[in-house]
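4 protein chains.
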Amino acid sequence: MSASYAYLGPEGTFTEVALRTLPETATRELVPMVSVPAALDAVRNGEVEAAFVPIENSVEGGITTTLDELVAGRPLMIYREVLLSITFALLVRPGTKLSEIKTVTAHPAAQPQVRNWLRNNLPDVLWESAASNADGARLVQEGRYDAAFAGEFAAARYGLVALETEIHDAENAQTRFVLVGRPARPAAPTGADKTSVVVWQRDDHPGALLELLQEFAVRGVNLMLLQSRPTGEGIGNYCFAIDAEGHISDRRVGEALMGLKRVYPQVRFLGSYPRAEVDPKEVRPPRAGMSDSEFSAASDWLARCQDGRF
Amino acid sequence: MSASYAYLGPEGTFTEVALRTLPETATRELVPMVSVPAALDAVRNGEVEAAFVPIENSVEGGITTTLDELVAGRPLMIYREVLLSITFALLVRPGTKLSEIKTVTAHPAAQPQVRNWLRNNLPDVLWESAASNADGARLVQEGRYDAAFAGEFAAARYGLVALETEIHDAENAQTRFVLVGRPARPAAPTGADKTSVVVWQRDDHPGALLELLQEFAVRGVNLMLLQSRPTGEGIGNYCFAIDAEGHISDRRVGEALMGLKRVYPQVRFLGSYPRAEVDPKEVRPPRAGMSDSEFSAASDWLARCQDGRF
Amino acid sequence: MSASYAYLGPEGTFTEVALRTLPETATRELVPMVSVPAALDAVRNGEVEAAFVPIENSVEGGITTTLDELVAGRPLMIYREVLLSITFALLVRPGTKLSEIKTVTAHPAAQPQVRNWLRNNLPDVLWESAASNADGARLVQEGRYDAAFAGEFAAARYGLVALETEIHDAENAQTRFVLVGRPARPAAPTGADKTSVVVWQRDDHPGALLELLQEFAVRGVNLMLLQSRPTGEGIGNYCFAIDAEGHISDRRVGEALMGLKRVYPQVRFLGSYPRAEVDPKEVRPPRAGMSDSEFSAASDWLARCQDGRF
Amino acid sequence: MSASYAYLGPEGTFTEVALRTLPETATRELVPMVSVPAALDAVRNGEVEAAFVPIENSVEGGITTTLDELVAGRPLMIYREVLLSITFALLVRPGTKLSEIKTVTAHPAAQPQVRNWLRNNLPDVLWESAASNADGARLVQEGRYDAAFAGEFAAARYGLVALETEIHDAENAQTRFVLVGRPARPAAPTGADKTSVVVWQRDDHPGALLELLQEFAVRGVNLMLLQSRPTGEGIGNYCFAIDAEGHISDRRVGEALMGLKRVYPQVRFLGSYPRAEVDPKEVRPPRAGMSDSEFSAASDWLARCQDGRF
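Residue numbers (our numbering), protein chains in the order written: chain A, 254 to 563; chain B, 254 to 563; chain C, 254 to 563; chain D, 254 to 563.
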């Protein structure tokens with residue numbers, strides 16, 4: 254295993270920018286991959302130490318794929334997450350004026366973020382989709398389009414200049430990325446952690462999902478994300494990708510996971526890792542009765558009852 | 254502590270009959286007490302080893318009292334339960350004919366069991382209540398009433414004869430009794446056990462009881478009895494007396510009890526003891542995922558996840 | 254039907270005192286009955302207009318009976334409830350001194366209320382049970398016992414005097430009584446109402462009770478009382494007596510009742526009537542989303558969705 | 254409004270193939286759009302009658318976008334869904350042999366479907382991403398790549414031939430598309446219908462999602478899909494996209510929707526429409542108590558209770 258990280262390429266995308274916020278990348282080789290599956294396979298095959306891919310709300314695609322890839326195949330584990338605010342620059346060849354732009358390109362997922370800006374500033378422009386935002390920039394460099402939406406950081410790489418920066422529609426302007434490796438002992442809890450699991454439903458009777466959620470609720474474990482995903486074994490067969498607050502070493506989380514495992518034999522643990530968006534000091538404590546010390550106290554009480562000492 | 258059992262007296266009642274079904278009574282002194290509280294206080298004070306009292310559906314009163322007494326005061330523990338089918342005999346002085354009966358007596362709680370019989374056989378009789386069914390028999394012996402409803406076994410003691418036996422209305426013709434002692438290690442599980450607890454509610458917001466029940470439901474622990482009882486601290490303050498299937502040493506029951514204890518700080522364990530009404534061979538197994546071996550398997554799985562070995 | 258009310262006799266008990274707090278009793282004949290079943294049968298048979306009986310936490314017995322009687326047989330309906338604080342007087346024949354009391358009597362259910370007082374004031378007295386507290390007073394009048402615990406109001410009737418009044422142990426010193434009649438349209442809501450129903454369980458699978466409670470919880474209807482009662486059709490067969498906040502004409506209550514009725518085919522409505530213990534001005538409003546106006550607004554919204562007008 | 258349907262272009266994609274399975278397309282102009290937002294905006298602006306876009310498990314991107322677009326902006330409604338099995342063909346210029354293929358292209362979302370095939374048949378090929386599968390075919394026509402993965406139907410349009418067909422990895426090989434229009438009265442129920450809504454969470458306390466699901470579960474409405482989606486108003490703010498079995502005119506569905514609306518003031522109805530994957534004859538009936546006739550019966554029962562006729 255080389256000391257390298259794969260990531261969803263090409264170079265010059267938001268994914269690379271997000272990856273470089275991790276300090277350890279200074280000493281790793283960063284390898285762009287053609288797709289999320291390719292990046293994750295490189296981890297599974299031992300070609301790289303880890304892979305860095307978008308997992309939620311990307312403007313570069315790959316989200317659904319990422320989840321489906323983590324759910325299937327040999328087990329992987331999430332070690333880190335990174336949140337990046339996404340804003341676009343309008344990149345042109347030096348000298349191009351706004352009024353001269355007739356064609357514009359970008360990855361299709363960028364469109365919702367720039368739509369309002371386009372309506373207000375370039376209402377008559379022709380949009381064509383590119384395979385990636387970086388590829389769009391390259392196509393502008395080659396003269397095929399007049400302008401591309403991409404990260405401002407892409408300008409230098411492709412010899413372009415930013416006519417406008419900080420373009421983004423109001424909503425969903427953050428993307429979440431994860432660093433994925435082979436299974437190993439999770440990092441110690443920081444006090445602001447997240448645990449990801451995938452649970453396959455047993456059947457589709459009404460209330461099945463409700464029972465699943467009660468495993469968490471009854472232990473006071475807050476859910477941050479819930480996605481049903483088709484399993485590929487016929488329409489109507491779903492698994493649930495779940496992000497829960499807390500770390501697998503928290504007793505409430507551990508008990509909830511064991512509860513899941515008993516009721517839903519097919520559960521895949523995807524990792525416990527620090528939450529990117531919050532400071533541990535700002536994390537709410539677990540609800541009454543759900544701290545590790547309260548678990549210990551209840552355990553002591555049970556032992557006293559079993560011994561008749563009360 | 255003497256080797257004696259107190260019971261709800263007087264002698265010659267269904268309670269005594271139920272008590273004598275326990276083999277160990279052959280070597281104990283059996284002490285009738287004037288009331289359930291008196292019987293339980295004798296246990297608390299160490300005057301007797303245990304007390305035997307009705308707890309559900311009695312035809313001799315005492316039910317509500319029993320629960321309230323177990324809930325309050327120094328902790329006690331249930332060690333055994335006995336179910337007794339209740340049928341009445343109509344007891345008269347020798348020589349009395351049915352047509353001569355003008356007055357009849359019994360404990361008021363007997364009335365629902367004999368009402369239909371009275372309507373059909375003695376529609377014009379005058380009913381007066383007695384302090385107990387045995388006391389009613391005594392009053393017939395003394396000539397104060399013509400007939401008494403009591404257990405057939407009471408006839409010999411009071412010099413009466415049974416004009417009719419097996420009298421009971423269709424419904425609720427069983428009474429449940431419990432043998433109560435000071436806290437000690439519960440008997441080992443038999444495979445058909447019951448666990449009794451009392452839980453004090455924290456407040457009366459809608460759904461509070463629902464949360465309580467979810468502690469059991471999520472661990473697959475079936476409830477057999479649920480009673481809300483006023484706590485005496487003002488109207489609207491309740492505690493819940495709960496009988497759950499299983500033994501405190503069953504892992505699903507233990508986890509449910511710990512869950513209760515964390516969320517409802519005031520919980521009183523009342524014992525784990527064999528169920529009187531079922532044969533261990535006929536007990537349904539716990540629902541899928543809730544056996545001790547499945548708890549162990551889930552625990553192993555969690556350890557593997559925590560170690561990254563999957 | 255005569256303009257008369259039956260009640261659980263005899264005369265001179267707390268039940269009669271509670272009954273006389275209802276203004277309309279001034280113009281009714283009040284008929285003491287030997288038992289709760291007798292009182293309720295008198296209603297069913299049209300002999301009286303209504304019956305007044307204890308239903309919760311009585312010091313005169315009858316509670317379990319009352320519930321069982323309402324649950325079975327021809328339908329009845331609760332129209333009113335009365336709460337009475339129970340305190341005892343120690344009644345003796347004129348001239349008797351405390352130090353001369355060797356024997357004392359009362360209904361067995363009185364014992365828990367006077368136990369502490371007895372321990373502190375008459376530790377060596379002999380207790381014998383009476384069929385009712387009034388009957389105990391009568392037996393003192395006849396000279397059979399030295400003293401009786403009963404309501405202070407009973408002294409005059411039996412030619413006794415109160416050596417001590419306001420005797421009661423701290424807990425459970427209130428009794429709830431209900432006025433029961435044949436089914437008719439419930440009284441209009443007062444803003445502080447209660448609805449009583451009985452629900453027969455369909456089977457005893459784990460979680461059955463949970464589902465029942467969810468019918469209320471999901472509509473924001475708070476439960477005030479929940480009792481499981483054996484149905485008499487064999488051990489393990491229970492019905493649930495439920496008191497819920499609100500009136501059957503409140504939309505949240507109506508929807509919850511319909512939900513119950515669909516899932517549990519055997520439901521018995523026992524009445525909607527004013528809550529005795531609270532002032533309508535102090536009643537909490539229903540939780541967010543559960544007022545009648547919010548039901549109407551949601552209904553309007555649904556109609557707009559069905560019409561495509563949104 | 255012209256009689257035209259917009260769809261996610263370009264021409265020659267699976268989306269177009271799926272759209273053409275709708276009989277009414279024979280008489281409509283079909284207009285390819287550059288992106289899902291552009292297609293939906295064309296509906297909102299009245300430029301087209303409806304838009305046809307992928308919504309689940311696409312091999313052409315657009316999924317997340319579709320949901321986000323339906324959730325935000327002026328209301329739209331789903332009228333139809335189409336399921337299409339996705340299999341790829343390997344398209345080359347006439348005369349190209351498999352052994353001559355050095356470069357291959359397709360939309361990135363196609364990669365998971367063809368990965369295994371590539372590993373087995375063209376392990377050393379260079380993959381580059383295209384903006385769409387159709388665009389990849391065009392680039393092969395232009396000579397820029399040796400081969401493209403696309404629908405077999407794309408071959409004729411771009412002067413290519415299929416070297417191999419029916420390529421797909423085992424899983425997730427179906428895509429779901431929806432036909433979206435402006436709000437109007439939904440089509441009548443077919444017996445196998447689906448209702449889509451979006452619900453914004455009120456806050457992120459544990460159990461919030463659980464309460465939401467209970468609104469459905471308590472009315473016996475089965476959920477087919479549940480997605481949490483960030484609302485764009487900061488990390489941790491989610492809405493839930495829900496597909497439920499049944500039609501808004503089914504009483505259980507209507508009551509569940511009203512329940513949602515009361516508790517979660519921000520609910521958006523997205524339509525009731527026929528389920529593509531099942532025959533109405535094979536649809537399970539609603540669970541016991543949840544049919545329209547049982548709703549009616551319960552409603553009648555409530556009316557009788559309110560009138561005192563029982």
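Just so you know, even glycine gets a beta-carbon here, dropped at the ideal spot from N, CA and C.
So which residues on chain D does residue i lean against when the C-beta distance must stay under 7 Å?
i               : result
A437 of chain C : G561
G507 of chain C : L555
Determine the chain C residues that contact residue i at a beta-carbon separation under 7 Å, and present them in chain order.
i               : result
A551 of chain D : M511, K514 and R515
V471 of chain D : Q467, E468, V471 and G512
A295 of chain B : Those do not exist, as A295 of chain B stays about 13 Å from chain C at its closest Cβ, beyond 7 Å.
Please list, in chain order, the chain A residues whose beta carbon lies closer than 8 Å to that of residue i.
i               : result
P290 of chain D : Q364, P365 and R368
What residues of chain A sit near residue i, judged by a beta carbon separation below 9 Å?
i               : result
I501 of chain B : L555, C558 and Q559
Can you tell me whether DSSP reads residue i as helix, strand or coil?
i               : result
L463 of chain C : helix
F469 of chain C : helix
V287 of chain B : coil
D553 of chain B : helix
V474 of chain B : coil
R482 of chain A : strand
R429 of chain B : strand
With C-beta atoms as the reference, is residue i less than 8 Å away from residue j?
i               : j               : result
L336 of chain C : Q427 of chain C : yes
T358 of chain A : S338 of chain A : no
V431 of chain A : L293 of chain A : no
V474 of chain D : V450 of chain D : no
L577 of chain D : L466 of chain A : The structure shown has nothing for residue 577 of chain D, since chain D only spans 254 to 563.
I331 of chain A : G524 of chain A : yes
Y260 of chain C : P290 of chain C : no
E395 of chain B : A342 of chain B : no
D545 of chain C : G499 of chain C : no
A400 of chain C : N386 of chain C : no
R482 of chain C : E508 of chain C : no
What does residue i touch in chain C if you count any residue whose Cβ is under 8 Å from its own?
i               : result
Q394 of chain B : Here the premise fails: no neighbours, minimum Cβ distance about 16 Å.
With a 10 Å radius around its C-beta and 16 neighbouring C-beta atoms as the bar for buried, classify residue i as buried or exposed.
i               : result
L392 of chain C : buried
P250 of chain B : Nothing can be reported for residue 250 of chain B: it is not among the residues displayed for chain B, which extend from 254 to 563.
G412 of chain D : exposed
Q454 of chain C : buried
A279 of chain D : exposed
F522 of chain D : buried
F563 of chain C : exposed
A384 of chain C : buried
R309 of chain C : It should be pointed out that residue 309 of chain C corresponds to Glu in this sequence rather than to Arg. E309 of chain C should be labelled buried.
D560 of chain D : exposed
Run through chain A and tell me which residues come within less than 7 Å of residue i, C-beta to C-beta.
i               : result
T318 of chain D : A362 and P365
Mind listing the chain B neighbours of residue i? Cutoff is C-beta to C-beta under 7 Å, in chain order.
i               : result
G542 of chain A : R515 and V516
Who are the neighbours of residue i on chain C, taking C-beta pairs under 9 Å?
i               : result
L479 of chain B : L462, L479, Q480, S481, Y491 and F493
P328 of chain D : F563
Between residue i and the ligand NAD, is the CB less than 7 Å from at least one heavy atom?
i               : result
T443 of chain C : Among the ligands in the structure shown, none appear at all, so the ligand NAD cannot be discussed.
For a contact meaning CB atoms closer than 8 Å, what does residue i contact in chain D?
i               : result
E547 of chain C : R515
Exercise. Which runs of the beta strand (DSSP E) spanning at least 3 residues fall entirely within the region 505 to 547 of chain A, listed in chain order?
Worked result: 520 to 527
Problem set entry | Minimum length 4: unbroken alpha helix (DSSP H) runs contained in the region 334 to 379 of chain A | 364 to 374
Problem set entry | Every unbroken alpha helix (DSSP H) inside the region 260 to 284 of chain C [4 residues or more] | 267 to 272
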